[in-house]
Amino acid sequence: MEDDSTFFERERERLSREITAGFEELLSSTNDLNRKLEEVLGMTKEYDTIASLWHSFFQLMKKSAADNDDNGDETELQQAGLPGTGGHIVAMKQSVKKTEQS
């Protein structure tokens, strides 16, 4: 009967080591994930700054073009679709034209 208890003790120790190793691996993976999430959040903050800068530039160019052009409405429509300005609409104007022609 003593052999059974020693087998039990050995098995319990082995399983405890496996569980401990699993928790250490989980902790390490969680720390890696946390670092990656912090990197992503930092990058999105950088993109917000860049987007704000481009938006300011777009507004300045839009105002300048409207001041210099007699037909301000046409210029506004043309510039609203420039990529990188936040006003870019992908294929929306084309689909509107197609429905008008139908």
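Be aware that the sequence shown starts at 38, since it is given in my numbering, and climbs by one per residue.
For each residue, glycine too, the CB sits at the ideal point set by N, CA and C.
Leaving aside the five residues before and after residue i along the sequence, list all residues of the same chain whose C-beta is less than 7 angstroms from its C-beta, in chain order.
i: Gln77; result: Per the sequence shown, residue 77 should be read as Val rather than Gln. Same-chain partners within the cutoff: there are none.
Within 8 angstroms (strictly less), CB to CB, does residue i reach chain D?
i: Ala58; result: The displayed structure is made up of one protein chain only, and chain D is not part of it.
Count the other CB atoms within 10 Å of the CB of residue i; is the residue buried (16 or more) or exposed (fewer)?
i: Arg49; result: exposed
Leaving out five residues on either side along the sequence, give the residues of the same chain with a beta carbon under 8 angstroms from the beta carbon of residue i.
i: Ser139; result: Only weak support is given to the placement of Ser139: the predicted model assigns it a pLDDT of 46, under 50, and the value that follows is read from those uncertain coordinates. Contacts found: none.
Going along the chain, which residues of its own chain have a beta-carbon closer than 6 angstroms to the beta-carbon of residue i, five neighbours each way excluded?
i: Glu46; result: none
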